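Numbering of the sequence shown is given in this note's numbering, commencing with residue 16 and proceeding in unit increments.
C-beta: ideal position from N, C-alpha, C; glycine also.
The structure displayed is predicted, hence computed values, not measured ones.
Worksheet: one structure, shown below.
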Amino acid sequence: MSDEEDDIILAELSDDELVLQMHDDLYDGMKEEIEEGVNILLGRKWQPYRVLTEALVAGMTIVGNDFRDGILFVPEVLLAAGAMKGGMETLKPLLIESGAPRMGKMVIGTVKGDIHDIGKNLVGMMMEGAGFEVIDLGINNPVEDYLEALSREDADILGMSALLTTTMPYMKVVIDTMIEQGIREDYIVLVGGAPLNEEFGKAIGADSYCRDAAVAVETAKGFMANKHNQLPAG
Ligand code: B1M
């Protein structure tokens, strides 16, 4: 760092200033600064989930808007995504409680044709933090991969993520295949991603649409509690 540069010392900023600066740094894809900012906020006793939502997710929303409006392009957005992932890595161990009782098992992945994974990763992290075992299939998953993993892992829940209007219909392909194979009722199917809504979730036959990671956790917990209540006694 050069003395001549008018560098901002993140640690000297107030909480509000730091969060705004982190939105700027995320926008500029500055991974190290994002990691530093996350650590500073944690050091100031911010809850990990608050750091995640107010500093990182809110910053990514600004990036998304400018991407939509043609102000940012794919290379810049990739850098921003890399910076976001850097911050998420720091938060991950804090969001995942070790030794929490296992609530159930979820297979999650982004659907075929879609490479967006930040939201899906966040859902996975939060689910692990809530005590679920998570099998992450990554991006670009064809129906066969989902079905193979569900059976191999003896999972309770299938989670699917899609960020594009062109890829979200693929969720129906997966659910229809489950129906054809007579296994639909063996699993709880949760779907999420920015372009989806509740109506879409119902229309494709999912058990629930989840607006964000926190809703995914609460929804999964609710379905698992029901599932346990319905098990035959003894
Ligand atoms: Co993409 N992209 N992108 N992109 N990208 C969007 C989605 C877009 C809305 C941007 C825009 O125009 N405003 C737009 C889609 C338009 C549309 O379909 N209507 C778009 C486009 C067009 C594209 C390309 C086609 C661009 C191009 O090449 N011309 C291309 C497609 C590539 C492909 O997938 N085949 C593309 C590429 C990329 C990058 C590679 C550059 C990068 C992805 C990097 C990565 O993920 N590793 C990228 C990014 C970063 C975005 C935006 C800016 C941010 C997405 C994100 O990470 N959000 C996005 C704009 C936006 O969404 N505002 C955009 C933060 C994340 C925490 O939120 O993913 O919504 P989200 O997840 C939330 C909830 O949705 C929910 O919980 C999460 C946490 O709270 N959720 C679930 C998500 N999945 C869930 C699963 C569940 C439950 C809840 O299961 C149970």
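Let me confirm a value: residue i is counted as buried when at least 16 other C-beta atoms fall within 10 Å, else exposed. Which label applies?
i: valine 204; result: buried
i: serine 113; result: Bear in mind that a pLDDT of 47 at serine 113, under 50, signals an unreliable position, so the number given afterwards is only what the model happens to contain. By the 10 Å Cβ count, serine 113 comes out exposed.
i: asparagine 156; result: buried
i: glycine 249; result: Since pLDDT at glycine 249 reaches only 42, below the 50 mark, its modelled position is unreliable, and the value read off the structure follows with that caveat. Looking at its Cβ environment, which holds fewer than 16 other Cβ atoms inside 10 Å, glycine 249 is exposed.
i: glutamate 213; result: exposed
i: glutamate 271; result: Only positions 16 to 249 of the chain appear in this structure, which leaves residue 271 out of reach.
i: alanine 235; result: buried
i: valine 89; result: exposed
i: glycine 153; result: exposed
i: glycine 85; result: exposed
Note down, in chain order, each residue of its chain lying with its Cβ closer than 7 Å to the Cβ of residue i, except the 5 sequence neighbours on either side.
i: glutamate 48; result: Leu25, Asp40
i: leucine 28; result: Gln36
i: glycine 44; result: Glu91, Leu94, Ala95, Gly97, Ala98
i: alanine 229; result: Met141
For residue i, which residues in the same chain have their Cβ closer than 8 Å to its Cβ, ignoring the five residues on either side in sequence?
i: glycine 150; result: Before going further, note that residue 150 is isoleucine rather than glycine in the sequence given. The answer, listed in chain order, is Lys120, Met121, Val122, Ile123, Ala164, Glu168, Ala170.
i: aspartate 23; result: Aspartate is not the amino acid found at residue 23; the sequence shown has isoleucine there. Cβ within range, chain order: Gln36.
Which residue wins for smallest C-alpha separation from residue i, given the options the options?
i: isoleucine 133; options: Leu110, Asn241, Lys107, Lys100; result: Lys100
i: lysine 135; options: Ala177, Leu94, Glu104, Ser166; result: Ala177
i: glutamate 159; options: Val66, Val188, Asp84; result: Val188
i: leucine 162; options: Cys225, Val126, Thr180, Glu233; result: Val126
i: tyrosine 42; options: His131, Val78, Leu67; result: Val78
i: histidine 38; options: Leu67, Lys60, Arg59, Gly58; result: Leu67
i: isoleucine 198; options: Gly153, Thr182, Ser166, Asp227; result: Ser166
i: lysine 242; options: Asp84, Ile172, Thr180; result: Ile172
i: isoleucine 55; options: Ile130, Asp30, Gly146; result: Asp30
i: glycine 144; options: Leu57, Glu200, Glu233, Leu110; result: Leu110
Among residues of its own chain, excluding the 5 on either side of residue i, which ones have a beta-carbon nearer than 6 Å to its beta-carbon?
i: aspartate 81; result: Leu87
i: glycine 208; result: Ser176, Ala177, Leu178
Just to check my reading of the structure: residue i and residue j have Cβ atoms closer than 8 Å, yes? What is that Cβ distance to the nearest angstrom?
i: proline 63; j: leucine 106; result: 5 Å
i: alanine 231; j: methionine 142; result: 7 Å
i: phenylalanine 215; j: tyrosine 224; result: 7 Å
i: alanine 218; j: valine 206; result: With a Cβ gap of about 11 Å, alanine 218 and valine 206 do not count as contacting.
i: threonine 76; j: glycine 128; result: So it is not a contact: roughly 24 Å between Cβ atoms.
i: leucine 71; j: methionine 103; result: 7 Å
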